[in-house]
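K.L.:
Got a structure for you, questions after.
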Amino acid sequence: MRELRSKALWQMAAEWRNPAGTKFLAGAFGISRDSLEKHLMKAMESKSSRGETKSIEPAYDYHTGKYLSFEEWVAGLIKNWNRIPDS
Numbered sequence: 002m003r004e005l006r007s008k009a010l011w012q013m014a015a016e017w018r019n020p021a022g023t024k025f026l027a028g029a030f031g032i033s034r035d036s037l038e039k040h041l042m043k044a045m046e047s048k049s050s051r052g053e054t055k056s057i058e059p060a061y062d063y064h065t066g067k068y069l070s071f072e073e074w075v076a077g078l079i080k081n082w083n084r085i086p087d088s
């Protein structure tokens, strides 16, 4: 079950770059903002070390109108956490 939750969070955050969905899943799984940030950074490092870089490459972010690396996107997610609507 833990692995499925991790995959769901990764997909919502890295592949879909969906802040509201990521926040919702984190809340549903009982994961704090700080724990989520650590989890996503650890997963990013793991994927990167295995050469799985597609989902962490820069992607267009419609909130900022810029292309953001995954690390930049996570930083924005954490910074704006309280402004993201609860689903």
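Residues 2 to 88 in this note's numbering are what the sequence shown spells out, letter by letter. For each residue, glycine too, the CB sits at the ideal point set by N, CA and C.
#1: Suppose you measure from the CA of Glu-73 to the CA of Arg-6; what does that come to, to the nearest Å?
#2: If you run the structure through DSSP and keep just helix, strand and coil, what is Asp-87?
#3: Would you call Thr-23 buried or exposed, if buried means 16 or more other Cβ atoms sit within 10 Å of its Cβ?
P.N.:
Short version:
#1: Their Cα atoms are separated by approximately 23 Å.
#2: Of the three classes helix, strand and coil, the one that applies to Asp-87 here is coil, per DSSP.
#3: In this structure Thr-23 is buried. Its beta-carbon is surrounded by 16 or more other beta-carbon atoms within 10 angstroms.
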